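Asker: Just so you know, the sequences run in chain order A and B.
Each residue of the first sequence is one higher than the one before, starting from 1 at the first, in my numbering.
Each residue of the second sequence is one higher than the one before, starting from 327 at the first, in my numbering.
First the structure, which I've put down as structure tokens, then a few questions once you've had a look.
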Amino acid sequence: MIRTAFIVLPLMVVMAVLLGLALGSAAIPLKAVALWPFDASDLSPQQKLILDNIRLPRVILGLMVGAMLAAAGASLQGIFRNPLADPGLIGVSAGASLGAATMIVLGGEHLAGPLALPLAAFVGAVLATLAVYGLGRRHGMVSPPSMLLAGIAINALAGAGIGLFSYIGDDLQLRQLTFWTMGSLGAAGWSTLAPSLLPIAIALAGLLALATRLDVFALGEREAFHLGLDPRLMVRLTIGLTCLGVGAAVAAAGPVGFIGLVVPHLVRLVLGAGHRVLLPASMMLGAILLVGADTAARLLAAPAELPVGLLCSLLGAPFFLWLLRR
Amino acid sequence: MIEAKSVSLTIGPAILVDRVDVTITPGRITAILGPNGAGKSSLLSLLAGERTPSSGQVSLDGRSMGQWRANDLARRRAVVPQSAQLAFPFTVEQVVRLGFALTPPPPPKRAAIIAQAMAAADITHLSDRPMPTLSGGERQRTHFARALAQLAANDDGKGAYLLLDEPTASLDPAHQHGLLAALRSWVRRTNGGAAVVLHDLALAARYAEDVLLLSHGTVAARGAMADLEGAVLERVYGIGFDRLTDSAGQALYVAQGL
Numbered sequence: 001m002i003r004t005a006f007i008v009l010p011l012m013v014v015m016a017v018l019l020g021l022a023l024g025s026a027a028i029p030l031k032a033v034a035l036w037p038f039d040a041s042d043l044s045p046q047q048k049l050i051l052d053n054i055r056l057p058r059v060i061l062g063l064m065v066g067a068m069l070a071a072a073g074a075s076l077q078g079i080f081r082n083p084l085a086d087p088g089l090i091g092v093s094a095g096a097s098l099g100a101a102t103m104i105v106l107g108g109e110h111l112a113g114p115l116a117l118p119l120a121a122f123v124g125a126v127l128a129t130l131a132v133y134g135l136g137r138r139h140g141m142v143s144p145p146s147m148l149l150a151g152i153a154i155n156a157l158a159g160a161g162i163g164l165f166s167y168i169g170d171d172l173q174l175r176q177l178t179f180w181t182m183g184s185l186g187a188a189g190w191s192t193l194a195p196s197l198l199p200i201a202i203a204l205a206g207l208l209a210l211a212t213r214l215d216v217f218a219l220g221e222r223e224a225f226h227l228g229l230d231p232r233l234m235v236r237l238t239i240g241l242t243c244l245g246v247g248a249a250v251a252a253a254g255p256v257g258f259i260g261l262v263v264p265h266l267v268r269l270v271l272g273a274g275h276r277v278l279l280p281a282s283m284m285l286g287a288i289l290l291v292g293a294d295t296a297a298r299l300l301a302a303p304a305e306l307p308v309g310l311l312c313s314l315l316g317a318p319f320f321l322w323l324l325r326r
Numbered sequence: 327m328i329e330a331k332s333v334s335l336t337i338g339p340a341i342l343v344d345r346v347d348v349t350i351t352p353g354r355i356t357a358i359l360g361p362n363g364a365g366k367s368s369l370l371s372l373l374a375g376e377r378t379p380s381s382g383q384v385s386l387d388g389r390s391m392g393q394w395r396a397n398d399l400a401r402r403r404a405v406v407p408q409s410a411q412l413a414f415p416f417t418v419e420q421v422v423r424l425g426f427a428l429t430p431p432p433p434p435k436r437a438a439i440i441a442q443a444m445a446a447a448d449i450t451h452l453s454d455r456p457m458p459t460l461s462g463g464e465r466q467r468t469h470f471a472r473a474l475a476q477l478a479a480n481d482d483g484k485g486a487y488l489l490l491d492e493p494t495a496s497l498d499p500a501h502q503h504g505l506l507a508a509l510r511s512w513v514r515r516t517n518g519g520a521a522v523v524l525h526d527l528a529l530a531a532r533y534a535e536d537v538l539l540l541s542h543g544t545v546a547a548r549g550a551m552a553d554l555e556g557a558v559l560e561r562v563y564g565i566g567f568d569r570l571t572d573s574a575g576q577a578l579y580v581a582q583g584l
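Structure, rendered in structure tokens:
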């Protein structure tokens with residue numbers, strides 16, 4: 001089963017990438033896209049331009065964000081020892097949204113460089129996570145249940161902040177803010193993509209390296225210590241890496257729901273609970289789903305496009321309910 | 327040798343362990359007895375290096391627990407918890423294998439270590455079952471096997487220590503004796519030391535060389551089970567005991583009805 005999955009999933013990643021490059025308001029023949037790296041003679045200059053400047057960065061961002069959200073979900077579920085944990089719970093998404101809202105409403109024209117918004121979102125994500133982490137400590141020890149509660153409070157606070165900015169913002173700002181919080185890969189271009197790739201890559205590699213320790217942590221904090229793990233360091237590392245990676249992902253794409261929650265669940269159901277399988281398989285499935293959903297979002301309402309975060313929640317929530325009721 | 331010298335543990339206003347001296351010696355099993363809330367589990371967590379004593383000192387081979395890295399400690403002592411709640415549906419074999427996940431032995435040795443540990447805990451037939459489908463007793467035996475695998479993976483001849491918190495609580499009589507017999511054979515084979523929290527005085531009499539009787543965090547009595555006085559037991563547990571002799575000629579205490 002596991003061996004089959006590690007053949008099928010990479011093939012599906014390749015398929016998702018090819019479809020994501022080929023499909024859209026201007027369709028490009030799949031064969032020409034597949035041959036593009038070797039021989040671009042079948043493509044018109046306009047098609048090359050679309051692939052090079054629009055679709056390729058968009059698909060790469062989709063891969064990275066999808067993989068990051070799924071890996072973060074799997075790791076946080078491991079640390080909190082709770083299958084319902086999700087990157088949203090440690091305040092990353094809400095903090096990023098508040099950061100973005102602050103920039104959209106208060107930033108004004110002079111701060112509207114292409115990187116100002118993602119940067120504000122990233123700062124918001126880091127600050128919110130630090131707040132959750134700091135408030136979730138008891139007697140100097142990190143306590144996952146307290147962190148979950150602190151996360152709920154910080155989420156509510158950030159939600160109120162976003163509401164406040166929506167209230168004082170003008171119509172244009174409100175529209176921009178609303179669209180941002182729906183999540184989209186539409187803003188992807190090489191210049192916005194580049195800064196988010198490195199933090200996401202570091203976070204993905206770091207979380208993969210923690211896989212065995214996450215297995216041990218699943219036995220419980222005390223048991224993890226008995227087996228030779230420093231549980232405090234482990235919590236810190238995992239939270240730090242997810243904050244870095246998800247912060248960068250949300251900064252580039254806005255909050256995209258349900259991938260972090262549903263993907264690890266699905267993988268665990270089929271491939272078992274071991275994190276050395278769960279993490280890489282979740283990364284691949286998350287990447288497939290986000291790139292696939294983004295392609296669908298472009299096709300369903302062509303020539304306009306649906307926000308991909310909206311589509312993910314729209315499909316993810318019923319699917320999750322079905323999973324729970326099985 | 328794990329040695330606790332005048333060790334105390336206070337949390338807020340509660341004194342859980344109060345100036346206890348105890349030594350866990352290679353080749354011997356020490357039973358920790360006492361009524362609910364006497365501080366047995368707290369003492370075990372101090373011996374495991376998991377909690378830092380409020381006063382006094384716990385050391386392994388003369389080196390204070392605080393100076394051991396978690397990973398080095400894991401090569402020398404294992405703990406069988408009272409109840410470990412596994413967050414995800416790992417299989418029995420996966421859990422036993424986790425025993426040495428962070429302190430792995432050379433790959434060719436792994437399969438034999440797992441097989442021996444599972445056989446000693448009588449869970450070989452369960453190896454592919456997901457943990458959530460097991461009974462409480464089967465889970466307890468799985469964690470015992472995990473601890474055995476942990477110590478077998480790093481058997482360097484310096485002697486290891488196994489600390490067990492009510493390992494027989496959910497077991498049927500045959501498996502209670504099976505587990506403690508396996509513990510005794512581990513102690514003899516590896517010259518390891520063991521401390522085991524027990525409620526069953528007959529099991530303590532049968533398997534433990536030394537007994538530590540706790541009451542309100544302090545030591546009420548210590549020594550061999552056969553030397554324990556009925557009056558002390560009665561005072562500590564608040565119930566009378568009959569002293570019987572079993573078919574093997576061993577003295578046993580059995581609680582009288584109320």
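No residue lacks a Cβ here, since even glycine has one placed at the ideal position from N, Cα and C.
Everything numeric in this text was worked out from a predicted model, so none of it was measured.
1. What residues from chain B crowd round residue 268/A, counting only those whose CB sits closer than 7 Å?
2. Tell me, please, which residues DSSP counts as bridged to residue 331/B.
3. From the DSSP output, which residues share a beta bridge with residue 456/B?
4. Starting from the beta carbon of residue 220/A, find every residue of chain B whose beta carbon is closer than 7 Å, and list them in chain order.
5. Is there a Cβ of chain B sitting closer than 8 Å to that of residue 53/A, yes or no?
6. Quick one, which of 432/B, 441/B, 459/B and 369/B has its alpha-carbon nearest residue 412/B's?
7. In the structure shown, what three-state DSSP assignment does residue 390/B receive?
8. Roughly how many angstroms lie between the CA atoms of residue 519/B and residue 84/A, to the nearest whole one?
9. Which residue wins for smallest C-alpha separation from residue 485/B, given the options 350/B, 526/B and 582/B?
10. Can you name the residues that DSSP bridges to residue 581/B?
11. Taking the Cβ atom as the reference point for each residue, do residue 470/B and residue 406/B lie within a distance shorter than 8 Å?
12. Do three or more CB pairs link the region 338–346 of chain B to the region 283–299 of chain A at distances below 8 Å?
13. If we define contact as Cβ-Cβ less than 8 Å, is residue 405/B a contact residue for chain A?
14. Do residue 132/A and residue 91/A have their beta-carbon atoms positioned less than 8 Å apart in this structure?
15. Any idea if residue 389/B is buried or exposed, counting beta-carbon neighbours within 10 angstroms, 16 or more meaning buried?
16. Closer than 8 Å, Cβ to Cβ, to anything on chain B: give me those residues from the region 223–255 of chain A, in chain order.
17. Does chain A have any CB closer than 8 Å to the CB of residue 393/B?
18. Could you spell out where the beta strand (DSSP E) holding residue 340/B opens and where it closes?
19. Is residue 229/A near residue 216/A, with beta carbons less than 8 Å apart?
20. So with CB distances below 9 Å, who are the chain B contacts of residue 216/A?
21. Check whether chain A comes within 8 Å of residue 419/B, counting only Cβ atoms and requiring the distance to be less than that.
22. Around the C-beta of residue 440/B, are 16 or more other C-beta atoms found within 10 angstroms, so that it is buried, or is it exposed?
23. Given a cut-off of 8 Å on the beta-carbon distance, is the pair residue 368/B and residue 335/B in contact?
24. Is there a Cβ from chain B that is less than 8 Å from the Cβ of residue 85/A?
25. Considering only the alpha carbon of each residue, which of 511/B, 482/B, 516/B and 529/B lies closest to residue 288/B?
26. Measure the CB-CB distance between residue 373/B and residue 328/B and report whether it falls below 8 Å.
27. Classify residue 298/A as buried or exposed, calling it buried when 16 or more other Cβ atoms lie within 10 Å of its own Cβ.
28. Is the Cβ-Cβ distance between residue 86/A and residue 204/A less than 8 Å?
29. Using a Cβ-Cβ cutoff of 8 Å, what residues of the region 274–290 of chain A are near chain B? List them in chain order.
30. Could you name the residues of chain B that residue 155/A contacts, counting a contact when the two beta carbons are closer than 8 Å?
31. If we ignore side chains and look at the alpha-carbon of each, how far apart do residue 354/B and residue 559/B end up?
32. If distances are taken between C-alpha atoms only, which option among 53/A, 170/A and 28/A comes closest to residue 192/A?
Answerer: To lay it out plainly:
1. 414
2. 383/B
3. 417/B
4. 410 and 411
5. no
6. 459/B
7. strand
8. 41 Å
9. 350/B
10. 567/B
11. yes
12. no
13. yes
14. yes
15. exposed
16. 223, 225, 226, 227, 228, 229 and 230
17. no
18. 340–350
19. yes
20. 424, 427 and 428
21. no
22. buried
23. yes
24. no
25. The structure shown does not extend to residue 288/B, since chain B is modelled only from 327 to 584, so the question has no answer here.
26. yes
27. buried
28. no
29. 274
30. The contacting residues do not exist; residue 155/A stays about 22 Å from chain B at best.
31. 23 Å
32. 53/A
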